[in-house]
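This report concerns only the one structure given below.
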Amino acid sequence: MTLSTHDKLFPVYVFEAPVRIWHWVMALCMVVLAVTGYLIGSPLPSVGGEASNHFLFGYIRFAHFAAAYIFAVMFVLRVVWAFMGNRFSRQMFMVPVDMFTREFWRGFTSQGKHYLFMKRHAEPWQGHNPIAAAAMFFMYTLGTVFMIITGFALYGEGLGMESWAFKMFSSWVLPLLGYSQNVHTLHHLGMWWLLIFTMVHIYMVFREDIMTNESIIGAMVNGWRTVKK
Ligand code: HEM
Ligand code: HEM
1377 MTLSTHDKLF
1387 PVYVFEAPVR
1397 IWHWVMALCM
1407 VVLAVTGYLI
1417 GSPLPSVGGE
1427 ASNHFLFGYI
1437 RFAHFAAAYI
1447 FAVMFVLRVV
1457 WAFMGNRFSR
1467 QMFMVPVDMF
1477 TREFWRGFTS
1487 QGKHYLFMKR
1497 HAEPWQGHNP
1507 IAAAAMFFMY
1517 TLGTVFMIIT
1527 GFALYGEGLG
1537 MESWAFKMFS
1547 SWVLPLLGYS
1557 QNVHTLHHLG
1567 MWWLLIFTMV
1577 HIYMVFREDI
1587 MTNESIIGAM
1597 VNGWRTVKK
């Protein structure tokens, strides 16, 4: 009996446990960061009564900073895992290198036709297709680095000039980007950059789960890309 292309490619273990745990913890942090960040930028009306009885804005900022620490540490661990994990764990960092190959652009065009409903069946990708990988690198990876750098630069301002955050981030990020207000605005715009990625990302994973023959959302739950019967 000869094996079909699908049987040769699948099932394949794509997302190892550390990647799956990172993905879901990071997605949860994104929700907390976006909600609290939005409220920092557009604060709620002041709460009535004696000011010393309330700490609402303090809790909002605390939740933002706590989620920010987790988000940043998880990202650093994700970069470390790219050196230790399987070949799929490197995909979202390798796009600038892959872009120099003909195969990347062939896959990019082929997947683009599928997205535009010009091609009924997508190719059987084991990891990310080239368009998804490009979005993950240019929107998610670069966006996250930008948010961590600008976020800690703003955080260092609050902690003071003697703090580690000021010395490591604020000292060069604030003069480079044009001081506090500009950094606030750019950090705020960065949120929308990541939220646009998130909205398209969630739409695409559900769409591909329905439109293709392979497991998509299931792969980020149990790790395996399988062929749906
Ligand atoms: C994807 C991740 C993040 C999102 C979506 C996000 C979103 C936001 C937004 C929208 C604001 C309001 C900016 C304004 O209009 O003034 C803000 C403020 C701030 N964020 Fe983030 N942020 C993220 C990550 C971080 C990180 C990693 C840190 C590091 C500690 C951080 C620290 C801060 C600080 C210090 C402020 C200013 C708080 C204040 O002035 O009261 N953020 N964030
Ligand atoms: C309900 C919410 C979400 C669902 C259902 C979801 C689902 C998925 C799935 C199925 C994959 C694998 C895609 C593939 O096989 O090519 C994936 C990967 C990914 N997702 Fe999400 N996701 C969600 C939220 C988020 C959020 C909020 C972010 C960050 C802003 C995010 C960032 C990523 C990244 C960067 C990858 C690539 C992971 C890697 O290559 O290691 N996701 N997601």
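Taking our numbering, the leading residue of the sequence shown gets 1377, the next gets one more, and so forth.
We treat Cβ as the ideally placed atom computed from N, Cα and C, and that holds for glycine.
Using DSSP with H/G/I as helix, E/B as strand and the rest coil, what is residue i?
i: V1603; result: strand
i: V1390; result: coil
i: E1499; result: coil
i: E1584; result: helix
i: E1590; result: strand
i: F1459; result: helix
i: N1505; result: coil
i: V1423; result: coil
i: F1484; result: helix
i: G1566; result: helix
i: L1550; result: helix
i: E1533; result: helix
i: H1490; result: helix
Have a look at residue i and residue j and give me their C-alpha separation to the nearest angstrom.
i: Y1491; j: H1497; result: 10 Å
i: G1425; j: L1415; result: 21 Å
i: W1540; j: Q1487; result: 45 Å
i: R1601; j: L1530; result: 41 Å
i: R1396; j: T1485; result: 28 Å
i: E1392; j: V1456; result: 14 Å
i: V1549; j: H1564; result: 15 Å
i: F1513; j: T1477; result: 16 Å
i: I1436; j: N1598; result: 34 Å
i: V1423; j: L1553; result: 34 Å
i: M1537; j: S1556; result: 14 Å
i: A1510; j: G1434; result: 38 Å
i: G1461; j: L1535; result: 36 Å
i: S1465; j: V1390; result: 8 Å
i: M1475; j: Y1579; result: 25 Å
i: L1432; j: A1442; result: 15 Å
i: R1454; j: H1399; result: 9 Å
i: A1444; j: T1526; result: 11 Å
State the CB to CB distance for the pair residue i and residue j, rounded to an integer number of angstroms; the pair is presumed to be in contact (CB under 8 Å).
i: I1524; j: F1451; result: 7 Å
i: H1382; j: L1409; result: With 8 Å as the limit, H1382 and L1409 do not qualify as a contact, their Cβ atoms being about 39 Å apart.
i: G1385; j: Q1502; result: It is Leu, not Gly, that sits at residue 1385 in the sequence shown. Yes, L1385 and Q1502 are in contact; Cβ-Cβ is about 6 Å, under 8 Å.
i: L1570; j: M1402; result: With 8 Å as the limit, L1570 and M1402 do not qualify as a contact, their Cβ atoms being about 11 Å apart.
Report all residues from its chain with a CB closer than 7 Å to the CB of residue i; omit the five preceding and five following residues, and keep chain order.
i: V1449; result: none
i: V1581; result: I1592 and I1593
i: P1617; result: The requested residue 1617 does not occur in the structure, where the chain is confined to residues 1377 to 1605.
i: G1413; result: H1440 and M1567
i: S1380; result: none
i: H1430; result: V1423
i: T1517; result: M1468 and F1469
Flag residue i as yes if its beta-carbon sits less than 7 Å from any beta-carbon of chain B, otherwise no.
i: A1529; result: Any reference to chain B falls outside this structure, which holds one protein chain only.
Closer than 6 Å by C-beta to residue i: which residues in its own chain qualify, once you throw out the five before and the five after it? Chain order, please.
i: E1584; result: I1592
Tell me whether residue i, by its Cβ, gets closer than 6 Å to a heavy atom of ligand 2.
i: Y1389; result: no
i: A1442; result: no
Can you list, in chain order, the residues of its chain with a C-beta nearer than 8 Å to that of residue i? Leave out the 5 residues immediately preceding and following it.
i: G1560; result: In the sequence as presented, Gly is not what sits at residue 1560; that position holds His. Excluding positions up to five away in sequence, the list reads G1417 and L1530.
i: M1377; result: Here M1377 scores only 48 on pLDDT, less than 50, and its place in the model should not be relied on; the value that follows carries that caveat. None.
Would the C-beta of residue i count as close to ligand 1, meaning under 6 Å from any of its heavy atoms?
i: L1570; result: yes
i: Y1531; result: yes
i: M1523; result: yes
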